[in-house]
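Here is the structure we will look at, set down as structure tokens.
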Amino acid sequence: MTGAAGRIATAIRPLLLEAGHSLVLCDAAEVSAVTPGERVVRADLRDIDAHVAAFVGADLVVHLGALADERPWPDLLAVNVDGTRAVCEAARLAGVDRLLLASSVHAAGYLPADSTAACDGMPLPAPDTYYGVSKAAVEALGALFAGRFAMTVVSARIMAFSARPVGAYGLHWWLSPADMARLVLVTLTTRNGGHHVVWGVSRNTRSHVDPAPGLAIGFDPQDDAELHAAEIERSGPAGSPRLLGGVFADADYRLGEPHGGPTAPR
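When the count follows UniProt numbering, it moves up by one through the sequence shown with no breaks and lands on 266 for the last residue.
Structure follows, in structure tokens:
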């Protein structure tokens with residue numbers, strides 16, 4: 001698991017351990033609260049040799065390492081694009097033929113939330129930022145390695161990951177830790193080879209996106225943000241997002257400058 005010090009990895013690690021799996025935690029940053037069944041590898045995301053050594057013997061690589069917000073283009077290119085290529089190459093060299101890649105809703109953030117393209121099937125990329133472009137590149141790398149090297153690769157367009165839905169848009173976009181863990185386990189067991197782009201979102205009553213691509217590989221999320229609707233709506237009516245990218249697609253959101261927050265989709 002790359003990006004093991006990050007918030008998604010930190011939240012799902014206990015769930016994967018509980019399911020009986022051993023974890024190799026890869027990150028350049030310090031990984032906290034390491035428990036039995038976990039091993040830490042400190043490495044830069046672009047260090048292919050270090051990741052080959054870490055991945056040998058693994059059944060699945062979960063690639064969460066990334067800059068998870070808008071940044072200057074050279075930073076996103078170095079980490080999100082070059083880093084993903086290095087991880088894919090390391091998995092191939094280590095003999096791991098299954099990959100879960102963390103893409104983002106921002107790879108398609110300029111789509112109207114209520115459009116047919118957004119609500120039916122899986123749309124082509126429509127990035128809303130340089131960050132969104134970098135995640136579209138992650139998907140393209142996944143397709144390349146799946147096609148050229150007969151790997152099973154799932155690119156998850158993660159929406160709004162958090163322990164509980166945050167803000168009004170969270171009722172539409174929430175991805176729970178339990179459902180993220182389910183997606184990891186499905187990628188480990190699915191019999192559908194090749195490259196699959198799926199929505200990383202829970203089974204929210206107000207969701208705008210189609211669960212069918214995920215269901216096709218066995219991803220059947222169970223959590224629903226609607227259980228938290230009364231609490232969220234006490235602070236005001238819950239509006240519906242105009243575009244999938246939310247604030248990232250706003251005209252005053254300047255390219256290359258960090259601007260995300262806890263209410264923005266990932």
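Each residue gets a CB set at the ideal place from its N, CA and C atoms; glycine is no exception.
Alpha carbon of residue i to alpha carbon of residue j, nearest angstrom
i      : j      : result
Thr10  : Ala54  : 19 Å
Ala163 : Met180 : 11 Å
Ser134 : Val96  : 24 Å
Ala107 : Tyr131 : 8 Å
Leu175 : Phe149 : 30 Å
Ile232 : Thr190 : 35 Å
Ala251 : Ala126 : 15 Å
Gly209 : Ala117 : Here residue 209 is Val; the residue named in the question, Gly, does not match the sequence. Between Val209 and Ala117, the C-alpha separation is close to 9 Å.
Trp73  : Pro112 : 25 Å
Val201 : Asp49  : 33 Å
Pro90  : Thr2   : This sequence places Ala at residue 90; Pro is not what is there. Their backbone Cα atoms lie some 12 Å apart in a straight line.
Leu227 : His196 : 29 Å
Arg242 : Asn204 : 17 Å
Pro221 : Val198 : 12 Å
Pro123 : Ala136 : 12 Å
Gly20  : Val40  : 18 Å
Tyr253 : Asp47  : 33 Å
Ser240 : Ala212 : 22 Å
Phe248 : Val138 : 19 Å
Ala146 : Arg182 : 21 Å
Helix, strand or coil at residue i according to DSSP, with G and I counted as helix
i      : result
Ser32  : coil
Ile8   : helix
Gly214 : helix
Glu38  : strand
Thr152 : strand
Pro262 : Summary for Pro262: the model assigns pLDDT 42, below 50, so the residue's position carries little reliability; its value from the coordinates is reported in the next sentence. The answer is coil: DSSP assigns Pro262 none of H, G, I, E or B.
Pro14  : helix
Thr190 : coil
Gly182 : Contrary to the premise, residue 182 reads as Arg rather than Gly in this sequence. DSSP places Arg182 in helix when its eight states are reduced to three.
Leu124 : coil
Leu243 : strand
Pro221 : coil
Ala74  : Residue identity check: residue 74 is Pro in the sequence provided, not Ala. Three-state result, Pro74: helix.
Candidates the options: closest to residue i by CA position
i      : options                           : result
Tyr110 : Leu77, Thr129 and Met122          : Thr129
Leu17  : Leu227, Arg203, Tyr253 and Val184 : Val184
Asp44  : Ala5, Glu70 and Leu60             : Ala5
Val87  : Val61, Ser207 and Ser240          : Val61
Leu99  : Ala229, Ala212, Gly194 and Ser240 : Gly194
His51  : Ala28, Thr35 and Glu38            : Ala28
Ala230 : Leu171, Glu89 and Met159          : Leu171
Gly121 : Gly214, Arg13 and Leu255          : Gly214
Asp224 : Leu77, Trp173, Ala212 and Ala58   : Trp173
Gly37  : Glu30, Leu67 and Leu15            : Leu15
Residues bridged to residue i [DSSP beta-bridge criterion]
i      : result
Ile158 : Ser104 and Gly200
Arg206 : According to DSSP, Arg206 bridges with nothing at all.
Leu99  : Val61 and Val153
Thr2   : Cys26 and His63
Pro112 : Leu243
Endpoints, beta strand (DSSP E) assigned at residue i
i     : result
Val24 : Leu23 to Asp27
Val79 : Looking at the DSSP string, Val79 is not in any beta strand (DSSP E), and its letter there is neither H nor E.
Val61 : Val61 to His63
Cβ of residue i within 9 Å of any chain D Cβ
i      : result
Ala168 : This model lacks chain D altogether, as it is built from one protein chain only.
Residue interval of the alpha helix (DSSP H) (run including residue i)
i      : result
Tyr169 : Gly167 to Trp173
His51  : Ile48 to Phe55
Thr116 : Thr116 to Cys119
Ala230 : Ala229 to Glu233
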